[in-house]
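Report on the following structure.
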Amino acid sequence: DTGVSQNPRHKITKRGQNVTFRCDPISEHNRLYWYRQTLGQGPEFLTYFQNEAQLEKSRLLSDRFSAERPKGSFSTLEIQRTEQGDSAMYLCASSTLGGWTGTEAFFGQGTRLTVV
Amino acid sequence: AQSVAQPEDQVNVAEGNPLTVKCTYSVSGNPYLFWYVQYPNRGLQFLLKYITGDNLVKGSYGFEAEFNKSQTSFHLKKPSALVSDSALYFCAWGGATNKLIFGTGTLLAVQP
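Chains as they are written, first to last, in the working numbering: chain A, 2 to 117; chain B, 187 to 298.
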């Protein structure tokens, strides 16, 4: 399968613990995005990378959140000192450099985080 | 601010009937518009997009969407619904960086 891969698929953690998620994009895709989706809502943009550079971060991305894409391939999203409000589905997507052509993004199956 | 609205939380349609899932947008600049579908326990799947050109866009699984600039709408349509089309549908706007702004989603329920 050459699609976007996310691990783990599910994560249950205690409040205050740190968690890290991994996303492996489609190999030739330069852009990688993280979104968060809560029940009954559409996905909300968190951040995106072009190659290894993090070019934009949403105000939703508090100081407890950090994302990296060290070699321009896979990416990690870490949440420190988790809170119950962090419970959500975290989606990763990747795309080619579409620029003004509006290239579609391809999504992984997501990591469902539950903070107890 | 850019926004996309899906006015219906749920759409019910009988199998074999035509379906429409509504989307309106409020954006500055080019209206790059997308439809994605989400099945339970699966990721978002791309259905179709409007970038420029013909207002009627054809996509996957027999879906199509009509871009209407005067009504700022991008409704998703299918001539004959299938039970397997039942899923959550999202309209989205994508800017130059391909960052997507999603609507709240519409649950499509197709009854046999």
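Note that the Cβ used here is the ideal one computed from N, Cα and C, for glycine as well. Just so it is clear, the structure is predicted and the values come from calculations on it, not from any experiment.
Listed by chain order, chain B residues near residue i by CB distance under 9 Å
| i | result |
| --- | --- |
| Ser6/A | Those do not exist, as Ser6/A stays about 10 Å from chain B at its closest Cβ, beyond 9 Å. |
| Gln81/A | The contacting residues do not exist; Gln81/A stays about 24 Å from chain B at best. |
| Glu84/A | Correct list: empty, because the minimum Cβ distance to chain B is about 23 Å. |
7 Å Cβ cut-off: residues of chain A touching residue i
| i | result |
| --- | --- |
| Leu294/B | Here the premise fails: no neighbours, minimum Cβ distance about 15 Å. |
| Leu262/B | None at all; the shortest Cβ gap to chain A is about 14 Å. |
| Gly291/B | Gly43 |
Residue i beta carbon near the ligand FMN (any heavy atom closer than 6 Å)
| i | result |
| --- | --- |
| Glu79/A | As far as ligands go, the structure on display features none, and thus does not contain the ligand FMN. |
Interface partners of residue i on chain B, CB under 8 Å
| i | result |
| --- | --- |
| Tyr91/A | Going along chain B, no residue has its Cβ under 8 Å from Tyr91/A, so there is no contact; the nearest lies around 11 Å. |
| Pro44/A | Leu230, Phe276, Leu286 and Phe288 |
| Gln110/A | Asn227, Arg228 and Gly229 |
| Glu53/A | Ordered by position in chain B, no residue passes the 8 Å Cβ test against Glu53/A, which lies about 16 Å from the chain. |
Residues near residue i by beta carbon distance below 7 Å, same chain, minus five either side
| i | result |
| --- | --- |
| Ile237/B | Tyr218 |
| Pro9/A | Thr112 |
| Gln192/B | Lys208, Cys209, Cys277, Gly289, Thr290, Gly291 and Thr292 |
| Asp87/A | Ile80, Leu114 and Val116 |
Whole-angstrom distance between residue j and residue i, CA atom to CA atom
| i | j | result |
| --- | --- | --- |
| Phe276/B | Val223/B | 6 Å |
| Gln110/A | Gly239/B | 32 Å |
| Gln55/A | Val117/A | 30 Å |
| Thr1/A | Phe220/B | Shown here, chain A extends from 2 to 117; a query on residue 1/A therefore has no answer. |
| Thr215/B | Lys12/A | Note that residue 215/B is Gly in the sequence shown here, rather than Thr. The straight-line gap from Cα to Cα measures roughly 39 Å. |
| Thr210/B | Val5/A | 29 Å |
| Pro44/A | Val243/B | 23 Å |
| Phe22/A | Phe50/A | 16 Å |
| Glu166/B | Gln231/B | In the structure displayed, chain B extends from 187 to 298; residue 166/B sits before or after that span and is not available. |
| Arg16/A | Ile27/A | 32 Å |
| Val190/B | Gln42/A | 12 Å |
| Leu274/B | Tyr225/B | 6 Å |
| Phe75/A | Val197/B | 38 Å |
| His261/B | Thr48/A | 28 Å |
Contacts of residue i in chain B (Cβ-Cβ under 7 Å)
| i | result |
| --- | --- |
| Ala106/A | Asn284 and Leu286 |
| Arg37/A | Chain B residues near Arg37/A: none, gap ~11 Å exceeds 7 Å. |
| Arg32/A | Asn284 |
| Gly73/A | Per Cβ cutoff of 7 Å: no residues; Gly73/A is ~16 Å from chain B at best. |
| Ser96/A | Asn284 |
| Glu29/A | Here the premise fails: no neighbours, minimum Cβ distance about 15 Å. |
| Glu69/A | Going along chain B, no residue has its Cβ under 7 Å from Glu69/A, so there is no contact; the nearest lies around 18 Å. |
Residues of its chain near residue i, where Cβ-Cβ distance is below 6 Å and the 5 sequence neighbours each way are ignored
| i | result |
| --- | --- |
| Val269/B | Glu201, Val296 and Pro298 |
| Leu205/B | Val199, Lys264 and Ala267 |
| Ser67/A | Glu79 |
| Thr77/A | Thr21, Arg23 and Glu69 |
Cβ pair residue i, residue j closer than 7 Å
| i | j | result |
| --- | --- | --- |
| Leu294/B | Ser259/B | no |
| Gln18/A | Met90/A | no |
Boundaries (first-last residue) of the beta strand (DSSP E) holding residue i
| i | result |
| --- | --- |
| Ile287/B | Leu286 to Phe288 |
| Glu57/A | Ala54 to Lys58 |
| Leu47/A | Glu45 to Gln51 |
| Gln196/B | Gln196 to Ala200 |
Close Cβ partners of residue i (< 8 Å) along its chain, the five nearest in sequence each way excluded
| i | result |
| --- | --- |
| Glu29/A | Thr97 |
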